[in-house]
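Student: Per our numbering, residue 8 is the first one in the sequence shown, and the count goes up by one each step.
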Amino acid sequence: MAITIRDIDKHYFMIEELKSITESNVTTKALIKGGYMAVELGKELEQEKEKRIKAEQALNDLQQKIQHYLSSHQALVDIAASKPTHN
């Protein structure tokens, strides 16, 4: 397989960094390894997004429960305060 890279000067630093990340001295191998890494990272990103959404939903549920508890507690305090005390 042959890969042609136009304007190699424009991409030099990215290619060198990719070679470092993929631990490859050959540009073609680094590009292919980098492609596989990008695909894997994309999958991991989607999984993390799903985890974040679930965590946000759980947080929202807990916040609603706390708000309901606080409202109920305040209602009980108000009822207790409105009852006359008998001595």
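Every residue, glycine too, gets a C-beta built ideally from N, C-alpha and C. Model, not experiment: these values are computed from the prediction.
Got a sec? Which residues, its chain only, sit under 8 Å from Thr11 by beta carbon, not counting five neighbours each side?
Tutor: Residue 11 sits at position 4 when you count from the first residue of the sequence shown. Within the same chain, Thr11 has no close Cβ partners at all.
Student: Threshold first: 4 residues or longer. Then list the alpha helix (DSSP H) segments lying entirely within the stretch 50-91, N to C.
Tutor: Taking only runs of at least 4 residues, no alpha helix (DSSP H) segment lies wholly in the stretch 50-91.
Student: Go ahead and label Ala37 buried or exposed: buried means 16 or more other beta carbons lie within 10 angstroms of its beta carbon, across all protein chains shown.
Tutor: What you label residue 37 is simply residue 30 of the sequence shown in a count that begins at 1. The residue in question, Ala37, is buried, as its Cβ has 16 or more Cβ neighbours within 10 Å.
Student: Give the secondary structure of Ile10 by DSSP, where H, G and I count as helix, E and B as strand, and everything else as coil.
Tutor: For the purposes of this step, residue 10 is taken as residue 3 along the sequence shown, with counting starting at 1. It is coil, neither helix nor strand.
Student: Under 7 Å, do Thr35 and Ile22 count as touching if we go by C-beta distance?
Tutor: Position 28 of the sequence shown, counting from 1, holds the residue named residue 35. Position 15 of the sequence shown, counting from 1, holds the residue named residue 22. No, these two residues do not count as a Cβ contact at 7 Å.
Student: Pull up the distance between the alpha-carbon of Gln54 and that of Glu47, whole angstroms please.
Tutor: Position 47 of the sequence shown, counting from 1, holds the residue named residue 54. Position 40 of the sequence shown, counting from 1, holds the residue named residue 47. For Gln54 and Glu47, the distance between alpha carbons rounds to 11 Å.
Student: Could you spell out where the alpha helix (DSSP H) holding Glu23 opens and where it closes?
Tutor: Taking the first residue of the sequence shown as 1, we reach residue 23 at position 16. Segment 15-29, the alpha helix (DSSP H) holding Glu23.
Student: Helix, strand or coil for Val33 per DSSP?
Tutor: The residue given as residue 33 occupies position 26 in the sequence shown. Coil, per DSSP.
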